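According to the working numbering, the sequence shown is numbered sequentially starting from 592.
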Amino acid sequence: MIVEKTRTGFSAYATNTKDTITTAGKNLDELKFNMVEAVNLSFEDQGKSVSIDDIKITMDLPQFFEYYKVINAKALSERIGMNQSLLAQYIKGIKNPSVVQKKRILKGVHKLERELYDLRNLL
Numbered sequence: 592m593i594v595e596k597t598r599t600g601f602s603a604y605a606t607n608t609k610d611t612i613t614t615a616g617k618n619l620d621e622l623k624f625n626m627v628e629a630v631n632l633s634f635e636d637q638g639k640s641v642s643i644d645d646i647k648i649t650m651d652l653p654q655f656f657e658y659y660k661v662i663n664a665k666a667l668s669e670r671i672g673m674n675q676s677l678l679a680q681y682i683k684g685i686k687n688p689s690v691v692q693k694k695r696i697l698k699g700v701h702k703l704e705r706e707l708y709d710l711r712n713l714l
């Protein structure tokens, strides 16, 4: 299923099935629960079912940076030692990062996440 961020939460849809499957949720946990229900309802007549453990949500870089606009790509590129224009091309979808580059970007985002979490008692 393709997941998109909306003003009110998240939506998901699949068009590569017999019938189009759509659902939504206020957050990713609710969306996953609703995805299980929607998929199971759609395949009920075929005797197929999925569980919450079968659902894995991933986000591509352009969508991630669109949703988290607060993350400054220039500053992130400096933090992870990546060329700013290359990161910008990944974010815009002009180029697709290799697995190694994705891990590098994700590692930088996770480091930022830990730093922000450590500030929770200071503010």
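For every residue, glycine included, the Cβ atom is placed at its ideal position computed from N, Cα and C. Just so it is clear, the structure is predicted and the values come from calculations on it, not from any experiment.
Excluding the 5 residues flanking it on each side, Ile671 has same chain C-beta neighbours closer than 6 Å at Arg695, Gly699, in chain order. DSSP lists Gly600 as the bridge partner or partners of Thr597. By the Cβ rule, the stretch 658-676 does not count as touching the stretch 634-641, because fewer than three pairs are nearer than 8 Å. Pairing Pro688 with Leu652 gives a Cβ-Cβ distance under 8 Å. If the five residues before and after Asn618 are omitted, its C-beta is found closer than 8 Å to the C-beta atoms of Gly600, Phe601, all from its own chain and listed in chain order. Here Gly684 carries a coil assignment [DSSP, helix/strand/coil].
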